[in-house]
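S.K.: Please find one structure pasted underneath; my questions will follow.
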Amino acid sequence: MSLNEKEFVKEVTPRAVDFSQWYIDLVLKTELMDYAPIKGCMAIRPYGYAIWENMQQLLDKRIKATGHQNAYFPLFIPQSLLQKEAEHVEGFAPEVALVTHGGDEKLNEPLVVRPTSEAIICSMYAKWVQSWRDLPLLINQWCNVVRWEKTTRPFLRTSEFLWQEGHTVHATEEEAEEETLKMLGVYKDFVETELAVPVISGLKTEREKFAGALKTYTIEALMADGKALQAGTSHNLGQHFSRVFGIQYLDTDKQLKYAWQTSWGVSTRLIGAVIMVHGDDRGLKLPPQIAPVQAVIVPIITKKKREEVFEKCRELKTKLAPKTRVQLDDREGYSAGWKFNEWEMKGVPLRLEVGPRDLERGVVTVVRRDTGEKSTIPAGELPQRLPHILKEIQDNLFRQALAFREENTHFVQNYAEFQEILQEKMGLIKAFWCGDAACEEKIKDETKATIRCIPLEPEQKEKGACLFCGKENNRMVYFARAY
RNA sequence: CGGGGCGUGGCGCAGUUUGGCAGCGCGCUUGGUUUGGGACCAAGAAGUCGCAGGUUCAAAUCCUGUCGCCCCGACCA
């Protein structure tokens, strides 16, 4: 970065100096969020919430297209319900918020604020599922959940967060497994297509899986600082919950059977992923698909051409609005240069400059946030060309992120090399693992790296020696330090 | 849960050592000149110095207590 570039962003710590501070500066300065007066809680400001709304819309479409319906379940869960599934209790007990009073009166039984809704939803499903004809039951809810976290970071881990959680019930184990993988596929497609974030799909180890699940599948993304982020999970719950909540159906063979279940979710954490994958020292870079503002029009006003320029800008906005989320920055009292920096920091994919010189030539100056490339386009062609340029930006962001991930993915065959990479550049590390939880645990203790997933489609088919104990096996996994 | 840091106009800070008119920069308001990469001039508004108690003629400053938030680590979407 040149000194000249440095001047543009005075308020944000450079990424290379302190990635963590860069991230915090950015989310505050771009008004994605602000700290609220409750530990670990944040207000999501309009600009941040608009990103979430765009994500919601795009994912909701996919969830509905795969046959699911939205519903809503209570925020409160009777403590005894949460405690029914043993593993589940153990997993969430340390981080539940408890309501003990209603008004002045002490409650007979404390209520937990949902950390996830398996318990409350299963208690309802037990009433709704009677017959094989009731299956599959495919429901999703968009809601907030609360987990009393000790360490919090905006979007990545907050005490309260927004998400969707799908909860489905099936007649057979095969069907539940199929659903689990189908939704993982939906997440992968959504995150890669709309957020331009490449992910690796895989299975979590026993140690890393969801409390109460039979199996947990995950999509894992690599952040620009070399740490991995779990971007979404899909769980095959088996019959763990149906047995304790009594979700049974009468099958065609007249037998009463316990149902098979799945649950899956992604959260506002994805906003954090977008920031950490695409952002740079000048600020956010938002993928056009989810950018609240896809193109901002900045008028270059001069005393003589004032009205003419404004008029042209308004006209341009009207023409672009049907196909593009476009905003006209007609604030006076801010110089054009100030606006350039402001909108770049906010990650708007395209800036359209309209000034006296552009008017004379009948063009608009177009500047891409992803490449910084500046070009002029005849004003009349812009409505047709803009969607294509946005598509190019979207694709380019994905390509860049994928290239970065590939550059930062290393295959290692011995532990020394593994440690060296973690020390020097982090990133994803592919290695063989014998499957023993003890090896996994020791690697974690010694290096802070965890097994992110056992990939669904391993590229290495042959056998290798376990990174830690050297035992021959054919299980290639991804390791990384993670958020 | 451990370690560190911070609470003073909206934001960032100075002032606390050695008690004595609550200040600076940015932002904000109004008016004017400007506007092709963070413009300038002028006039303004805005603070119970986190909270409680104590010492003192006098407390942002000293003493005691307390609350909150942030960052970094161990555990988790």
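So for the first sequence, my numbering puts the first residue at 75; every next one is plus one. Where a beta carbon is used, it is the ideal one built from N, C-alpha and C, also for glycine.
Which residue comes first and which comes last in the alpha helix (DSSP H) that contains Y261?
M.R.: It spans E247 to E268 - the alpha helix (DSSP H) in which Y261 sits, taken as one unbroken run.
S.K.: Within a Cβ cutoff of 6 Å, which residues of the same chain sit near D299, ignoring the five residues on either side of it in sequence?
M.R.: Same-chain partners within the cutoff: F93.
S.K.: Using DSSP bridges, identify the partner residues of W338.
M.R.: BP columns for W338 point to G240 and S308.
S.K.: Check P430 in the structure and name its three-state DSSP category.
M.R.: Looking at P430 - three-state DSSP - the assignment turns out to be helix.
S.K.: Quick one: grab the DSSP three-state call for V486.
M.R.: In this structure, V486 counts as coil in the three-state DSSP scheme.
S.K.: Pop quiz: S341 and W216 are said to be a contact at Cβ under 8 Å. What is the actual Cβ separation, rounded to whole angstroms?
M.R.: At roughly 11 Å, the Cβ-Cβ gap does not stay under 8 Å, so S341 and W216 are not in contact.
S.K.: Alpha carbon to alpha carbon, how far is E280 from R555?
M.R.: Looking at the two C-alpha atoms, the distance is approximately 18 Å.
S.K.: Please work out which residues of its chain come closer than 7 Å, Cβ to Cβ, to K331, disregarding the five sequence neighbours upstream and downstream, and give them in chain order.
M.R.: Contacts found: Q322, Y323 and D325.
S.K.: Using a Cβ-Cβ cut-off of 8 Å (strictly less than) and excluding sequence neighbours within five positions of L172, which residues of its own chain qualify?
M.R.: Closer than 8 Å at the Cβ level, and outside the excluded window around L172, lie Q153, P184, L185, V186 and V187.
S.K.: Alpha carbon to alpha carbon, what distance is there between G122 and Y109?
M.R.: Each residue's Cα considered, the two are about 13 Å apart.
S.K.: Alpha carbon to alpha carbon, how far is A139 from A369? Give it in angstroms, no decimals.
M.R.: Rounded to the nearest angstrom, the two C-alpha atoms are 29 Å apart.
S.K.: So, at 8 Å on beta carbons, what are the nonlocal neighbours of L77 in its own chain, with the 5 sequence-adjacent residues on each side left out?
M.R.: Low confidence applies to L77: its pLDDT is 30, below 50, so where it sits in the model is not reliable, and the reading given next is rough at best. Closer than 8 Å at the Cβ level, and outside the excluded window around L77, lies no residue.
S.K.: Give me the Cα-Cα distance between L496 and T521, rounded to the nearest whole angstrom.
M.R.: About 8 Å.
S.K.: Rounded to whole angstroms, what's the CA-CA distance from K537 to N548? Just pull it up for me.
M.R.: Each residue's Cα considered, the two are about 4 Å apart.
S.K.: For A505, report the span of its beta strand (DSSP E) as first-last.
M.R.: Here the beta strand (DSSP E) through A505 covers L502 to F506.
S.K.: Residue ranges of each beta strand (DSSP E) run of no fewer than 3 residues wholly in the region 75-135, ordered along the chain?
M.R.: The qualifying runs are 107-109 and 116-118.
S.K.: My guess is that G276 and C527 are in contact by the Cβ rule of under 8 Å, so how many angstroms apart are they, rounded?
M.R.: Yes, G276 and C527 are in contact; Cβ-Cβ is about 3 Å, under 8 Å.
S.K.: Considering only the alpha carbon of each residue, which of E294, S233, A250 and F235 lies closest to H241?
M.R.: If we check each option's Cα against that of H241, A250 comes out closest.
S.K.: Taking all protein chains shown into account, do 16 or more other C-beta atoms lie within 10 angstroms of the C-beta of E159, making it buried, or fewer, making it exposed?
M.R.: With 16 or more other Cβ atoms within 10 Å, it is buried.
S.K.: Does any heavy atom of the ligand COA sit closer than 7 Å to the C-beta of D208?
M.R.: The ligand COA is absent from the structure shown, which contains no ligands of any kind.
S.K.: Check P272 in the structure and name its three-state DSSP category.
M.R.: If DSSP states are grouped into helix, strand and coil, P272 belongs with coil.
S.K.: Do V551 and A505 come within 8 Å of each other at the CB atom, strictly closer than that value?
M.R.: Yes. Within cutoff.
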